[in-house]
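> If you scroll down you'll find the structure; I have some questions about it.
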Amino acid sequence: MRSSAICALIFMISSILISCSKENLNNAGASGTSSLIGSNWAVVNDATSESAGASAPASSSNYIGKGGDYFNFTTYGKLYWSINGQKDTATYMISGDTIKFKAAYIGGQTNKIDSAYYPSYTISTLTGHTCTLFNKAIVFNVAGAGGPVLTTINLKK
Numbered sequence: 001m002r003s004s005a006i007c008a009l010i011f012m013i014s015s016i017l018i019s020c021s022k023e024n025l026n027n028a029g030a031s032g033t034s035s036l037i038g039s040n041w042a043v044v045n046d047a048t049s050e051s052a053g054a055s056a057p058a059s060s061s062n063y064i065g066k067g068g069d070y071f072n073f074t075t076y077g078k079l080y081w082s083i084n085g086q087k088d089t090a091t092y093m094i095s096g097d098t099i100k101f102k103a104a105y106i107g108g109q110t111n112k113i114d115s116a117y118y119p120s121y122t123i124s125t126l127t128g129h130t131c132t133l134f135n136k137a138i139v140f141n142v143a144g145a146g147g148p149v150l151t152t153i154n155l156k157k
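Those letters in the sequence shown? Residues 1 to 157, by our numbering.
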């Protein structure tokens, strides 16, 4: 009786360890991000504003999505996207409410994977039908002036 209880306990512990050791590339359960993964998202808009510092005026742009613009976050950590007829692929990783991207080139050379995940976006809104990605980067020009570049990408199913 005692040996069968020990065997059952060992089986349960090993089952738990085996199931927990599988790495989920996207942390799909974190912060409800599983609804982001595995389906096409239409691009609503991609807005960018840039403050170039005191010596230059601020600038902004707002691309309004067209039919055929999409983001597709696959379950295998690949993002396929198309915006305004330009298509590309990136590797992504989700941690909590942050999604990071890895480009498929280094210094303009294609077919090489950059080892750094950059840029990173905050998933500021995520429902079953809408998603908002936000990025804030600081950019400096040659003269040393610069400022924040804010990017907001709105997606919908």
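Backbone N, C-alpha and C fix where the C-beta goes; we use that ideal spot for every residue, glycine too.
Please classify C7: does DSSP put it in a helix, a strand, or coil?
Confidence in C7 is poor, its pLDDT being 35 and thus under 50, which makes the residue's placement too unreliable to answer from.
> Assuming T151 contacts T48 under a Cβ cut-off of 8 angstroms, what Cβ separation, rounded to an integer in Å, is found between them?
With 8 angstroms as the limit, T151 and T48 qualify as a contact, their Cβ atoms being about 5 angstroms apart.
> If distances are taken between C-alpha atoms only, which option among K157, A137, A42, T122 comes closest to D97?
Here the closest residue by C-alpha is T122.
> How long is the line joining the alpha carbons of Y70 and S51, rounded to whole angstroms?
Distance between the alpha carbons of Y70 and S51: 28 angstroms.
> Nearest by alpha-carbon distance to N62: which of D46, A137, V139, P119 is it?
Nearest option by C-alpha distance: D46.
> Output the distance between the C-alpha atoms of V139 and I37, rounded to the nearest integer angstrom.
Cα-Cα distance, rounded: 30 angstroms.
> Do you know whose CA, among K100, L126, F134, lies nearest Y118's CA?
If we check each option's Cα against that of Y118, K100 comes out closest.
> Would DSSP call S51 helix, strand or coil?
The answer is coil: DSSP assigns S51 none of H, G, I, E or B.
> Please determine, among Y76, K102, T75, T127, the residue with the shortest C-alpha to C-alpha distance to D88.
Considering only alpha carbons, the answer is K102.
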